[in-house]
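Engineer:
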Amino acid sequence: MVEMNDAHAMKTKGARGRLRRFFSGIPVLGWLLGALVAVVLEHYLGDPLVDRIGLDKIPVLFGAVIILKKPLMIPGAAVFLLLIYVIPIAVVARAGKTLSNRLAGALMRFPIAVPALVHLGLLYGAIHIWSDVSAYRVLTLKLTFVAIMLTLSLNVINGYMGEFSCSHPGFMALGAYGASVFTVLLFSSDRLFGDPLLPEALGPFLFPAGLIFGGLIASLGALVIAIPSFRTRGDYLAIISLAFLFIVKSMIENLEFVGGPRGLSGQPNYANLPTVFIWTVLCVWIINNFVRSTLGKALNAVRDDEVAADAMTVNTRRTKMVAFMFAAFWAGVAGGIYAHVLRYVNPGTFGIQKLAEVLAMVYFGGLNSVYGSITGAVSLSLLSEALRPLEIFKWIIIPLLLILVMIYRPTGLIAFREFDVRKVMQPKSNRDDEV
Amino acid sequence: MVFFFQNLVNALQWGSFYAMIALGYSMVYSILMLFNFAHGDIFMVGAYIGFGVATALVTLSASGFLALPGWMILVLTILLSMFLTSFVGMIVERVGYRPLRDAPRASAAITGLMIGIMLETGNLILLGARRVSFPPLIESVTYNVGGVFVTNKKIMIVLISLGFMLALHLFVQKTRYGMAMRAMAFDYVVVPLLGIPINTIARLTFAIGSALAAVAGILFGLAYPVLDPYMGIVFGWKAFVAAILGGRGSIMGATLAGFLMGFIEIFVAMVFPSTLRDLIAYSIILLILVFRPHGFFGEPYSARLRL
Amino acid sequence: MRKGLVFVAPLLIALGIIGLMASPCALAKAEVIKIGINAPMTGDIPKVGEGSKYAARMWLNDIEANGGLEVGGVKHPVELVIEDNESKAESAVKVNTKMITEDEVLVIVGPQSSKQAVPAGGVANNYETPMISPWSTNPDTTKDRPFVFRGCFLDPFQGPVVANFITNEFGYTKAAVLYDVASDYPKGLAEFFKQAWEKLHGKGSVVAYESFTTKDADFSSQLSKIIRSGAEVLFTPQYYNEVALIVQQAKELGWQNPIVGSDSWGSAETVELCGEACYGLFFSTHYAAAGATGKTKAFIERYKEKYGYVPDDVAALTWDSLGIVETAIQKCGKITGKVEKDRNCIRDAMAKVEQYDGITGQMTFTEEGDPIKCAVIVKISDQGEYEFYKSVCP
Amino acid sequence: MLLSIENLRVSYGRIKALHGFDFEIDDGEIVCIIGANGAGKSTTLRAISRMVPAEQGTRMTFMGQDLLKLPPEKVVSQLGISHVPEGRRLFGNLTVLENLQLAAFARKDKAAIQRDLKQVFTIFPRLEERVAQKAGTLSGGEQQMLAIGRAFISGRRLMLLDEPSMGLAPLLMLNVFDALKEINAEGTTILLVEQNARLALQFSQRGYVLENGEMVLQGDAKELLENPAVKTAYLGG
Amino acid sequence: MALLEIRHMTHYFGGLRAVHDYNLDIEPGQVRGLIGPNGAGKTTIFNLITGIHRPGEGRILLDGEELVGRQPHEIAARGLGRTFQDLRLWRHMTVLDHVKMARYSKIGYGLVGAFFSTPRRNREEAQIEEKARELLEMMNISHLADQMVPNLPYGAQRRVEMARALSTEPKILFLDEPTAGMNPEELIQMMGIIRRVREQLGLAIFLIEHRLKMVMELCEIIQTLVFGEVIAEGPPDDIKNNPAVIEAYLGKEIVE
């Protein structure tokens, strides 16, 4: 696909084609380096530059607020974006093209883990420095990461396996409460659970255990849906999962020991940016591994034709069970992180509204695609943050956008595309030289 | 015993709302194979249109220009609102569903959700955050029948909704449009091959579903006279449950399941501590579906039921 | 490469010049005081958001009419940053973070309901920014958070007030409670009322303790149970929209005893929605609109004139919270422009506010940041107006 | 000339199903299109009944009227072109009578509908016996009869038949073709698409042979039957 | 003892009798045919044997082991591979993935391997892929390995299905109308493929067909099924001349 696009770009005339040609052949590594340079620039030169061009502050979400709220400052914001982001990234990526290609090539000679870690390290570096400018960015990023995990895990059921599951907020709630009870009970003094049972210093180390605990509880809950899914599919299963969501919510409201409708607060502050990032990467990595293995592709076989799958030795029950429990596990982990980011949970959060949000992200981004889920989660999270200045009209614009996407790309922006880590990191051949 | 009958009366009224909304859901769902997640919000719009029409008529009547009795206003309100709301339904169909008829059904579900959000937000923008109070069109009279309290409104609501359900049933069974709808529910691709305009039928389906939602909205306004822009969400989703619980393509099924939902909610609260109502009520529904995996009148899942 | 630069450079320069020209050269003026309002404009309770917004705008108008907020002799312009938290915890936290770190507000007023105020309070406390939630009654909102205050009294106070009032007024001994189990304010208040009632009349004196779920509209099953239980009075600490339905349905089911409510009844809409069915009922609240005197009356009249309806308690509490903020800022003596310093100063001043004379009564903050204030019992008159009935102080 | 088509082009996404098929049918004829699976036979029928859009450059006229301007339901109700789709596609949840009545959806002439209904029952007496039965419970042959009867009522100037022999035992197959002959004798022109080339050619007057979306042969059916190329390719030697 | 033994298999759908007292013996390497008019219950017999439906009565023994009551995937893994009349390919999967998927039962790396991409998984996946490519080679469709199936011509889709069925490493291959909808040319190719498969892999084959020419040429023994009952069984020549068969099924066409 990628090659085809490039080849296509070669032929197209005009500014767009020229632009494409100009930037073709830059590996992901090159772009990452560019981004890193840009964020470092922003970090050190952002404030002086802002003073010089008369902005109040560094535009926090690429100037969205300024564009929508203070049209007079748009030129300033544009200058800032150009000087800090567009030009440095473009220049570094383009000028370093040969170098980064060579570097990427050299890295690929190591076992796959090495280039993967290098790329992730660079990505994290860029994100970290970018977010260092403002706590608001940190929070937005954390919640975006949570959204990625949620969307991706729901895509396992709704996209890869083709069921319409409505229970995801329920799984998330189970995970959030599971992990919260774990950490609050063990490490924090609280109105409901009293003094911590373990020394607080252990907390950050056992936090992963807490998240896994939450994930496992969510997995257990998923059995309630997985078992009926052996006998029924489609709409009826959608209703079962919806009923499950109502049940979970009502159950938590009735559980006094976790605070009932008042919610549970006092989660220790363990969910810092690196932790959230690492868990998100883990989630993407494991889910991607799974859906690319033959065992995982059995989900697609079950979706496209269950009878045929069965006849081709695919254990469909096991497949469904694994899919539901696996997706629920990650929803649970995401819930646990969510609870520790906000440091408060209440059952009201995990209702229909959350469901609509996650569903929208999955279908907007694209079914059956890791790329799609990441795109959907990131773009909708950032969009709903960036459009904040529109106030209530935001809730006209975002739905409208989604409707348009559904009409013109019914399976979402990037659907049915495999996420091949190796391909992503590979050096790109330089076509400019060939032409 | 009195207590039981009291709750029975209550459940009948409550169930008729679920049934009415589930019917509209079921129409679109079975005929076009789409989840119309905007239906709950069309119910909301219907209630607001009803509110607008009723208020206008009451004012008109009070001004002496056109003195109408309460029941007359009610009848006019229902008819006018059905008419107006059916247009809303048709617009929703045209904008949100027709372009997606051949898309995966889940995409249409998302569109529906989004249209719903737009309707809610639109209401909020237009009318502000105030909740409005539905005018009491008829004087409420309470009858005490051996300790069971029944109001004239309750009787009227149950009767009107049963009447509309019967009318719908007859329409679908006896008229050629109804026949075309049933045919479309079975296999819509070949419907145009018989000279039946598919878009007309789809529009009609949405129009009827929305008109029913408007009736439900007005009756709801009479029984529970507080309207707010988000009133349709929970109702919509629960009616969605009822529509599918009834079984695909079954008007009887949707009606029964709607009443069943109402009965479950009321009677669970009657027997068990009411804090556990949702927990128990939805566990019951979940169990029903586990043991009757295709709803009451539905067929086993076929390839067409896929998303 | 070079070609690209040729393209971009002039564009860049042009943009730069425009940017420089357009930038406001505001340097010499007095420091702007920014106050954040974190309110639910969309989502479950848009009405609450609207009330907060209107009250805040009115307050700002007053300040602007004075030419700014005078602190230590300098008039500072005031800017309100109003953000929508969509009635979501997650969004409330984002909004708080944004207002604190991006907009650099000095104080935050809101979020209103506890679901958002509890997590948002954590953020405010972390960043050492004073926050006052006008309406949140959950103890967790302010607990162990020196920077977080609230403008209303807590459930443990209101519960006994109502219980005592009913006992003294009617002499009943059997009470029923109907509340929303999924909403923390009614649930908390219901619990404290039950405790207080059973303390007065012994265990089992709350003969029916029934609940429903947010957005429910039919309470007939619960009400039937309540009627059968033989309760003499019904306490329902619900929001005004539900009050209307509960009261009407109770009447239809043959309930003839009094129904008593809490401060959440205190909206103009209660009577508007409920109609005659609510006439003659009592509820405890922060202030009574009808029969109000002095500045309370003035506030109500101004608000009504401006926005077309009698303000509800959220608006009044928001107004008072802003008043407290104003007092604290003035007490602070000086706005330095250094955000951290000003915030700390304001917090300290707020903690020391004593006998603030608001439209919802006099208040003083406890160590936890909760106010000590009096409750008012209001009767809905036969004209549908709120009449001051009596005042109960802790 | 009843129907004339020039340069019929249809694509499904990137796959071209038909590239430039020309053909015409005279009033009262029986014409068949034969060819391998995927040659574009069904697509041709679908394009005529406007179920799939024809691409730019296609011209289609029926009795001098431009077909391409009409939506699918008008093709049936205004021009009287009926289509018996592949696999019959009856409404299994409706009774036999309802299936037939539905076919008259767009028709207003009550008396004529009744007359046509009678005629269907004379051609297929089996259907009259099962009038109140749900269509889904009919046997394969009865279903095919109903499908043809339904098409007969919905429009009778031109009938498009897509694989009427599919899934029928040889004996039943012949019954069905006898009935089609009868319908043709009543004045309905028939365009037939068949997998079973021998049967189709024996039954028709003229034939077209499609290969990969293009017409490779056309002519008198009897001649095509004898054509050595057709023989080896489609008649099994 | 035969490889596959079916004794007295009877099945009802609702009150409708679909299959009555059906018996079958298949020896290793044998090619058998099943013919009969539409609705006679041929596909039902396939579905009963492969476990999609559970027979009401009767026993099905593969190598002496009872199959009745097992899940379809277990039965398939024990060596009953099949194709479907209506193809039943997976819309969103590549040709290669189809063939790989059919080796599901042979995967040993388990969930740990699936989640964490262990060396064992990579090794096994590589082996599976190699085997799959061999099969594609055998079907002459290796150049289509990365295509999505809906993009393929019909004949190629049939081959994919065949490759997929073979990938389960069956002892007996059940072919349900493998030439449905094919033109004569494709039909001849398909017959070639079936012969080759049988020779190279030494499978037993059981096929349902409408095209008598093909059945007669390929099969050693043919059963004729009418209304769920076997009315004749024997070598092709016997069947061709059996008056009961002619009357019930072949009808005029053969007589002509």
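Protein sequences, first through last, are from chains A, B, C, D and E.
All letters in the first sequence, in the order written, are residues 62 to 496 by the numbering used here.
All letters in the second sequence, in the order written, are residues 2 to 308 by the numbering used here.
All letters in the third sequence, in the order written, are residues 33 to 426 by the numbering used here.
All letters in the fourth sequence, in the order written, are residues 109 to 345 by the numbering used here.
All letters in the fifth sequence, in the order written, are residues 328 to 583 by the numbering used here.
Ideal placement from N, C-alpha and C gives every residue a C-beta, glycine not left out.
Is there at least one Cβ from chain E nearer than 9 Å to M62(A)'s Cβ?
Structural biologist: Low confidence applies to M62(A): its pLDDT is 36, below 50, so where it sits in the model is not reliable enough to give any reading.
Engineer: Of the choices G473(A), L343(A), R353(A), G78(A), whose alpha-carbon is the least far from that of L181(A)?
Structural biologist: L343(A)
Engineer: Determine whether the beta carbon atoms of L534(E) and I548(E) lie at a separation below 9 Å.
Structural biologist: At the C-beta level, L534(E) and I548(E) stay beyond 9 Å of one another.
Engineer: What are the boundary residues of the alpha helix (DSSP H) that includes A407(C)?
Structural biologist: Here A407(C) belongs to no alpha helix (DSSP H); instead the beta strand (DSSP E) covers 407-412.
Engineer: Using a Cβ-Cβ cutoff of 9 Å, what residues of the region 293-309 of chain C are near chain B? List them in chain order.
Structural biologist: Hits within the stretch, in order: E301, E304, L305, C306, G307.
Engineer: I'd like the span of the beta strand (DSSP E) that includes M336(E), first residue to last.
Structural biologist: 331-340
Engineer: Listing by chain order, which chain B residues have their CB less than 9 Å from the CB of L420(A)?
Structural biologist: A107, A110, I111, L114
Engineer: Let me know the secondary structure DSSP gives F314(C) once reduced to three states.
Structural biologist: strand
Engineer: Which residues in the same chain have their Cβ closer than 8 Å to the Cβ of R334(C), if we skip the five residues on either side of it in sequence?
Structural biologist: M90
Engineer: Label P322(A) either buried or exposed according to how many other C-beta atoms from any shown protein chain fall within 10 Å of its C-beta, with 16 as the threshold for buried.
Structural biologist: buried
Engineer: Can you list, in chain order, the residues of its chain with a C-beta nearer than 6 Å to that of G71(B)? Leave out the 5 residues immediately preceding and following it.
Structural biologist: Excluding the 5 residues flanking it on each side, G71(B) has same chain C-beta neighbours closer than 6 Å at L138, I139, in chain order.
Engineer: CA-CA distance, P355(E) and N569(E)?
Structural biologist: 27 Å
Engineer: Per DSSP, what kind of secondary structure is S430(A) in: helix, strand or coil?
Structural biologist: coil
Engineer: Nearest CA to the CA of W229(C): which residue from P343(C), K206(C), A87(C)?
Structural biologist: K206(C)
Engineer: Are there 16 or more other CB atoms within 10 angstroms of the CB of L343(E), so buried, or fewer, so exposed?
Structural biologist: exposed
Engineer: Kindly indicate which residue of P563(E), R397(E), A571(E) has the alpha-carbon position closest to the one of L361(E).
Structural biologist: The alpha carbon of L361(E) has as its nearest neighbour, out of P563(E), R397(E), A571(E), the alpha carbon of P563(E).
Engineer: Rounded to whole angstroms, what's the CA-CA distance from P232(C) to E264(C)? Just pull it up for me.
Structural biologist: Contrary to the premise, residue 232(C) reads as Leu rather than Pro in this sequence. Approximately 15 Å between the Cα atoms of the pair.
Engineer: Which chain B residues are close to I413(A), counting only those with a beta carbon under 8 Å from its beta carbon?
Structural biologist: Identification of chain B residues near I413(A) by a Cβ-Cβ cut-off of 8 Å yields I234, V235, W238, ordered along the chain.
Engineer: I'd like the list of long-range same chain contacts for A208(A), defined as Cβ closer than 7 Å, with 5 residues on each side in sequence excluded.
Structural biologist: Only M422, A438, S442 meet the Cβ criterion.
Engineer: Among all the DSSP beta bridges, which residues are the ones paired with P403(C)?
Structural biologist: BP columns for P403(C) point to F397(C).
Engineer: For L24(B), which residues in the same chain have their Cβ closer than 6 Å to its Cβ, ignoring the five residues on either side in sequence?
Structural biologist: Excluding residues within five positions, the ones whose Cβ falls inside 6 Å are L213, A255.
Engineer: Any beta carbon from chain A within less than 9 Å of L331(E)'s own beta carbon?
Structural biologist: L331(E) does not count as touching chain A.
Engineer: Please confirm if L463(A) has its CB atom under 9 Å from at least one CB of chain B.
Structural biologist: yes
Engineer: Looking at the C-beta of A81(C), does it have a partner C-beta in chain B at a distance below 9 Å?
Structural biologist: The amino acid at residue 81(C) is misidentified as Ala; the sequence shows Gly. It does: the Cβ of G81(C) has a partner Cβ on chain B nearer than 9 Å.
Engineer: Determine, for I434(E), whether the minimum Cβ-Cβ distance to residues of chain A falls below 9 Å.
Structural biologist: yes
Engineer: Taking only beta carbons into account, state which residues of the region 188-205 of chain A come closer than 9 Å to chain C, listed in chain order.
Structural biologist: Cβ contacts with chain C come from S195, A196, Y197, R198, V199, L200, T201, L204.
Engineer: Would a check of beta-carbon distances place T340(D) closer than 9 Å to chain E?
Structural biologist: Taking Cβ atoms only, chain E reaches closer than 9 Å to T340(D), which makes this a yes.
Engineer: Per DSSP, what kind of secondary structure is I288(A) in: helix, strand or coil?
Structural biologist: coil
Engineer: Report the rounded CA-to-CA distance for A270(A) versus W191(A), giving the unit in angstroms.
Structural biologist: Rounded to the nearest angstrom, the two C-alpha atoms are 29 Å apart.
Engineer: Please give the ranges of any beta strand (DSSP E) in the region 397-477 of chain E, keeping only runs that are unbroken, at least 3 residues long and fully inside the region.
Structural biologist: 407-409
Engineer: What are the residues that DSSP puts in a beta bridge with K242(D)?
Structural biologist: T203(D)
Engineer: In the DSSP assignment, find the unbroken beta strand (DSSP E) run with V146(B) in it and report its ends.
Structural biologist: Start and end: 143-146.
Engineer: Can you pull the chain D neighbours of M509(E), defined as C-beta to C-beta under 7 Å?
Structural biologist: N145
Engineer: Going by DSSP in three states, I87(A) sits in which element: helix, strand or coil?
Structural biologist: coil
Engineer: Can you tell me which of the three DSSP states F197(C) falls into?
Structural biologist: helix
Engineer: Just to make sure I have the definition right: I need the residues of chain B whose C-beta is within less than 9 Å of the C-beta of P109(C). Which are they?
Structural biologist: Within chain B, no residue comes near P109(C); the closest Cβ sits about 29 Å away, beyond 9 Å.
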